[in-house]
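**Student:**
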Amino acid sequence: MPTYQFTALDSAGKQQKGLLEGDSARQIRQQLRDKSWIPLSVEAVEQKDKNQKSSFFQKKFSAYDLALLTRQLSVLVAAAIPLEEALRAVAKQSEKQHVQNLISSVRSKVLEGHTLAQGLQQSGRFPELYIATIAAGERSGHLDLILDQLSDYTENRFAMQKKIQGAMIYPLILMLMSFAIIMGLMTFVVPDIVKTFDQSKQALPWITVAMMKSSDFIRQAWPFLIVGILFVFTLFMRFLKTTAGHYTFDRFLLKLPLFGKLSRGINSARFASTLSILTQSGVPLVDALKIGAAVSNNWVVRDAINAAAEKVIEGGNLATQLERSGYFPPMMVQMIKSGEASGELDRMLSRASEMQDREVTTFISTLLALLEPLMLVIMAGIVLVIVIAVMLPIVNMNNMI
């Protein structure tokens with residue numbers, strides 16, 4: 001039975017919104033009239049969800065929503081509650097209307113006879129990894145166990161994402177404040193100080209002349225600088241949207257000393273986690289590799305994984321192909337090789353995933369710990385240059401006197 005979202009006026013004249021199940025929109029309107037409510041709009045949840053997907057201002061289905069939904073569904077299914085009832089309960093527990101609509105549309109598909117994985121896929125809002133794992137759980141008859149594993153996976157992904165975002169807040173604020181202070185000094189403070197130098201006929205040090213010219217340029221051309229920066233940024237983003245631009249940037253990123261290592265580490269951790277949960281869920285290795293490639297945000301690494309999948313189809317070893325690509329840590333490759341040799345690939349992938357997550361977290365923490373003092377040193381260096389440029393002419397004038 002499909003679900004409809006309604007908007008109606010109650011007997012007191014207040015607007016009410018909610019969800020009701022019925023065979024048609026006409027039946028929903030009749031249910032509202034039986035309650036002495038005046039229906040304003042009645043729309044199928046599935047159709048409303050499609051309209052939201054085509055809208056530019058579509059509300060995002062966040063990683064937190066996905067983690068919470070998965071954990072709630074896991075607990076309810078493990079308690080032997082029928083799937084359609086579990087989906088209804090999860091929809092009611094959500095405080096976000098767009099999440100309620102999404103889950104209700106999936107429930108409608110399940111009531112029509114589709115599997116949960118098919119309902120998730122038709123919604124178009126769930127990751128491919130998520131859908132494939134659910135499908136494997138339904139085929140094996142252990143959906144409760146698969147949902148429990150998927151809950152841990154989504155919660156760990158969300159926790160890492162929030163940790164990285166939280167760690168980036170202070171360095172970003174420090175960077176913006178440093179830029180604002182330096183621009184303020186060059187725009188307002190330095191011009192007032194160097195006015196006295198214009199009246200003197202003595203030769204100024206080159207560093208003072210350079211600072212005065214830089215200050216004049218910033219004061220006169222700052223609107224053009226802002227427009228130029230925005231223009232270059234827009235061109236860069238458009239370039240990234242092209243296939244050639246995306247590949248060029250990804251190759252360049254992998255070659256950078258620190259950020260290249262970080263990019264390889266993040267993609268390796270994501271690939272290992274994806275492959276681990278899929279193989280544990282009973283997904284064939286080749287299919288798991290293709291999904292693992294799809295979740296990679298670096299297209300060069302993605303192509304390397306797809307090439308490894310093709311070699312595995314031909315009878316090659318996964319560890320050998322990953323090692324040849326050069327984008328995966330040697331320890332991770334060695335663990336995969338041991339798993340293939342011992343027949344315990346899923347267990348070794350799980351350990352490799354945990355190891356990569358720890359290494360990425362440690363590396364990010366180290367980078368951020370170095371970034372904060374580095375920003376302070378850079379800011380102090382620029383201020384020191386400004387002070388030297390101002391003080392040198394004064395010292396020279398005192399020596400002449």
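For the record, in the sequence shown the residue sitting at position 92 is 92 according to the UniProt record's numbering, with numbers rising by one throughout.
Glycine is no exception: its CB is placed at the ideal position from the N, C-alpha and C atoms.
Between ILE38 and GLN97, what straight-line distance do the alpha-carbon atoms span, to the nearest angstrom?
**Tutor:** So the alpha carbons of these two residues sit roughly 21 Å apart.
**Student:** Determine the DSSP secondary structure at GLY18, reduced to helix, strand or coil.
**Tutor:** Reduced to three states, the DSSP call for GLY18 is strand.
**Student:** Can you tell me whether DSSP reads PRO330 as helix, strand or coil?
**Tutor:** Looking at PRO330 - three-state DSSP - the assignment turns out to be helix.
**Student:** Tell me which residue opens and which closes the beta strand (DSSP E) that GLU43 is part of.
**Tutor:** Segment 38 to 44, the beta strand (DSSP E) holding GLU43.
**Student:** Report the residue from GLU155, HIS142, LEU20, GLN149 whose alpha carbon sits nearest the alpha carbon of ARG88.
**Tutor:** When only C-alpha atoms are compared, the closest one is LEU20.
**Student:** Does DSSP put THR361 in a helix, a strand or coil?
**Tutor:** In the structure shown, THR361 sits in a helix (DSSP, three-state: H, G or I).
**Student:** Note the first and the last residue of the continuous alpha helix (DSSP H) segment covering MET168.
**Tutor:** First-last of the alpha helix (DSSP H) with MET168: 143 to 184.
**Student:** In whole angstroms, give me the CA-to-CA distance for ASN101 and ALA79.
**Tutor:** Cα to Cα, the separation comes out at about 24 Å.
**Student:** Taking the CB atoms as reference points, tell me whether ALA63 and GLN161 lie closer together than 8 Å.
**Tutor:** Cβ atoms of ALA63 and GLN161: closer than 8 Å.
**Student:** Exposed or buried, which one is SER276 when buried takes at least 16 other CB atoms within 10 Å?
**Tutor:** Answer is buried; the Cβ neighbour count reaches 16.
**Student:** Is it buried or exposed, GLN149, if we count other Cβ atoms within 10 angstroms and call 16 or more buried?
**Tutor:** Counting Cβ neighbours within 10 Å, GLN149 comes out buried, since at least 16 surround it.
**Student:** Give me the Cα-Cα distance between ARG71 and SER94, rounded to the nearest whole angstrom.
**Tutor:** Distance between the alpha carbons of ARG71 and SER94 is about 13 Å.
**Student:** Nearest-angstrom Cα distance between ILE386 and ALA369?
**Tutor:** Taking the straight line joining both Cα atoms gives about 27 Å.
**Student:** Go ahead and label ASN298 buried or exposed: buried means 16 or more other beta carbons lie within 10 angstroms of its beta carbon, across all protein chains shown.
**Tutor:** When all chains shown are included, ASN298 counts as buried.
**Student:** With the cut-off set at 8 Å, would you say PHE271 and ILE313 are in Cβ contact?
**Tutor:** No. Outside cutoff.
**Student:** At what residues does the alpha helix (DSSP H) containing ALA290 begin and finish?
**Tutor:** One detail in the question is off: residue 290 reads as Lys in this sequence, not Ala. Its alpha helix (DSSP H) spans residues 285 to 294.
**Student:** Please classify LEU384: does DSSP put it in a helix, a strand, or coil?
**Tutor:** LEU384 falls in the helix class under three-state DSSP.
**Student:** Can you tell me which of MET379, ALA389, ILE388 puts its alpha carbon nearest to the alpha carbon of PHE179?
**Tutor:** Checked all of MET379, ALA389, ILE388; the closest Cα to PHE179 is MET379.
**Student:** Between the C-alpha atoms of residue 411 and ALA135, what's the straight-line distance to the nearest angstrom?
**Tutor:** Outside the shown range of the chain, which is 1 to 401, sits residue 411, and nothing can be said about it.
**Student:** Using C-beta distances below 7 Å, list every residue in its chain close to MET375, excluding the 5 sequence neighbours before and after it, in chain order.
**Tutor:** Same-chain partners within the cutoff: PRO171, LEU174, MET175, SER178.
**Student:** Cα separation between LYS311 and ALA210?
**Tutor:** Their backbone Cα atoms lie some 59 Å apart in a straight line.
**Student:** So the alpha helix (DSSP H) PRO223 belongs to, where does it begin and stop?
**Tutor:** PRO223 -> alpha helix (DSSP H) spans 206 to 241.
**Student:** By alpha-carbon positions, which one of PRO373, GLY137, SER268, PRO330 ends up nearest to VAL360?
**Tutor:** Nearest of PRO373, GLY137, SER268, PRO330 to VAL360, Cα basis: SER268.
**Student:** DSSP on THR279, reduced to helix/strand/coil?
**Tutor:** It is helical.
**Student:** Kindly indicate which residue of GLN321, MET332, LEU129, SER281 has the alpha-carbon position closest to the one of GLY137.
**Tutor:** Nearest of GLN321, MET332, LEU129, SER281 to GLY137, Cα basis: SER281.
**Student:** Given this structure, state the Cα-to-Cα distance separating THR187 from ARG251, to the nearest angstrom.
**Tutor:** Whole-angstrom Cα-Cα distance: 39 Å.
**Student:** Going straight from the alpha carbon of PRO330 to that of THR320, what length do you get?
**Tutor:** Spanning the two alpha carbons is a distance of roughly 11 Å.
**Student:** Name the two residues that bound the continuous alpha helix (DSSP H) containing HIS98.
**Tutor:** Taken as a continuous stretch (DSSP letters only), the alpha helix (DSSP H) holding HIS98 covers 97 to 111.
**Student:** Is the CB-CB distance between VAL90 and LEU73 below 8 Å?
**Tutor:** It is a contact, given that the beta carbons lie within the stated cut-off.
**Student:** Can you give me the Cβ contacts of ILE382 inside the same chain, cut-off strictly under 6 Å, excluding the 5 residues immediately before and after it?
**Tutor:** Cβ within range, chain order: ILE182.
**Student:** Out of curiosity, what's the CA-to-CA distance linking ARG302 and LEU289?
**Tutor:** Distance between the alpha carbons of ARG302 and LEU289 is about 10 Å.
**Student:** Kindly indicate if chain D contains any beta-carbon less than 8 Å away from that of THR242.
**Tutor:** As a matter of chain content, chain D is missing from the structure shown, which is built from one protein chain.
**Student:** So for ALA203, helix, strand or coil by DSSP?
**Tutor:** Correct three-state label for ALA203: coil.
**Student:** Measure how close the beta-carbons of LEU278 and ILE266 come, nearest whole angstrom, since I'm counting them as under 8 Å.
**Tutor:** So it is not a contact: roughly 19 Å between Cβ atoms.
**Student:** Comparing C-alpha positions only, which one of SER105, ASP346, SER365 sits nearest to MET335?
**Tutor:** Of the candidates SER105, ASP346, SER365, the one whose C-alpha sits nearest the C-alpha of MET335 is ASP346.
**Student:** For ARG157, is the classification buried or exposed, using 16 other Cβ atoms within 10 angstroms of its Cβ as the cut-off for buried?
**Tutor:** So ARG157 counts as buried.
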